[in-house]
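Numbering (this note's numbering), first residue to last: 3 to 313.
Don't be surprised by glycine CBs; every beta carbon is placed ideally from N, CA and C.
Since the structure is predicted, the reported quantities are computational estimates derived from the model, not experimental observations.
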Amino acid sequence: MSRKKIALIGAGNIGGELAALIARKELGDVVLFDIPDKEGVAKGKALDLEQNGAVLGYDAKITGTSNWDDCAGADVVIITAGVPRKPGMSRDDLLSINLKIIRNVGENLKTKCPNAFVIVISNPLDAMVYELKKVTGFARERVVGMAGVLDAGRFQLFLAREAGVAVKDVRAMVLGGHGDTMVPVTSYCTIYGVPVTQTIAAEKLQAIVERTRNGGGEIVKLMGTSAFYAPASAAVVMAESFLKDQKRMVPAAAYLDGEYGYKDLYMGVPVVIGAKGVERVVNISLTGDEKAMLDKSATAVRELIEASKKL
Ligand SMILES: NC(=O)c1ccc[n+]([C@@H]2O[C@H](COP(=O)([O-])OP(=O)(O)OC[C@H]3O[C@@H](n4cnc5c(N)ncnc54)[C@H](O)[C@@H]3O)[C@@H](O)[C@H]2O)c1
């Protein structure tokens, strides 16, 4: 069996953390790609991480590059190329800058990594992953956006703190676009199978939902740039599920072709990720209020996609 190759497009904060996690988990060899101006950063991080392997004893080859040829034939591609938010910015403010970048990345992927499973992280997430699929023409099974695992993780943390229980026992679902309209679905949140609605009061739950929606902005305000540890881990959960055919069911931005009543749209829904990529979009029933919130989120995503078409 040949060693897996994982290309990370963007060697910034998330890219570096992705490389570190993938190497430690020995999921495959890593290529850290960035623009020529940042080639030194990509090469430096790669070397540092290979030396880290000598200390920790993991087996992974890590290469830094600005040459697309080095990404050729990757099994998995994770895209963080673009700019992150600064305090006061919404994810949507990044659209015009990151759209050009994602188009450029997509053109290169078409020829260099035609068989890869692609996970997009760059913001505004739903519009970026939609554009990536459009530019590459890849099948919908092979292009997915990471947001739900991260947003659910934030939701889980706040719920665990409120309930005074271990965070690993809390499971939560966040649907919709990766923005202020995301839908943390309280009816599906449990503490080891027990609905959180039985242990956390309604007004406390509502406050937690709001904090989750602003979870990214809270961190941007604190440190002047986007979160990177949890976003990287969330993408690795998805990559690992693909590489090991784990069939994990996670919330992720998937291409919808009628599911949940939406067509030609990327948005966060529960999906099963296995060796074939996004193998299934899982339909779950929602309350009237939850569906109304999801509709609102879908409208926000659609507006962003329409705006992209004009740029
Ligand atoms: N989906 C999510 O849940 C989520 C969470 C956090 C951050 N993000 C987004 O992820 C992106 C990356 O965040 P970060 O903190 O790593 O930013 P960063 O600035 O640290 O890294 C981005 C890197 O992309 C590189 N880049 C720019 N143009 C490129 C190109 N054409 N090809 C290859 N690389 C290119 C930059 O040089 C930079 O090194 C941002 O858009 C951020 O908003 C998404």
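Strand pairing of residue i, partner residues [DSSP]
i    : result
I80  : L10, I121
I64  : V32
I275 : R250, V280
V185 : L177
M269 : A256
V196 : I193
Residue i CB to nearest heavy atom of ligand 1 below 7 angstroms
i    : result
D36  : yes
A229 : yes
P253 : no
I11  : yes
A241 : no
L152 : yes
M148 : yes
P233 : yes
S124 : yes
R87  : yes
A174 : no
G139 : no
A48  : no
T82  : yes
N216 : no
N69  : no
Environment of residue i [buried if 16+ CB atoms lie within 10 Å]
i    : result
Q53  : exposed
M295 : buried
T289 : exposed
I103 : buried
V57  : exposed
I99  : exposed
P126 : buried
G181 : buried
Y194 : exposed
G147 : buried
For residue i, three-class secondary structure by DSSP
i    : result
L313 : coil
P38  : helix
Y190 : helix
R87  : coil
L288 : coil
D72  : helix
G147 : strand
V222 : helix
V172 : strand
R5   : coil
G263 : helix
A229 : coil
F140 : coil
V43  : helix
G59  : coil
Cβ neighbours of residue i in the same chain (closer than 6 angstroms, five flanking residues each side left out)
i    : result
V238 : L23
P86  : T227, S228
K45  : G66
I221 : A229
R282 : V274
R213 : F160
Sequence-distant residues of its chain with Cβ nearer than 8 angstroms to residue i (five each side left out)
i    : result
A241 : I8, I24, L29, V78, I80, F119, I121
G139 : K112
L101 : A129, M130, E133, S310, L313
Beta-carbon contacts of residue i that lie in its chain and below 7 angstroms, excluding the five residues immediately before and after
i    : result
A154 : A174, M175, V176, P253
V137 : R105, G108, E109
I16  : T82, I123, F230, P233, A234
A302 : G179, G181, T183
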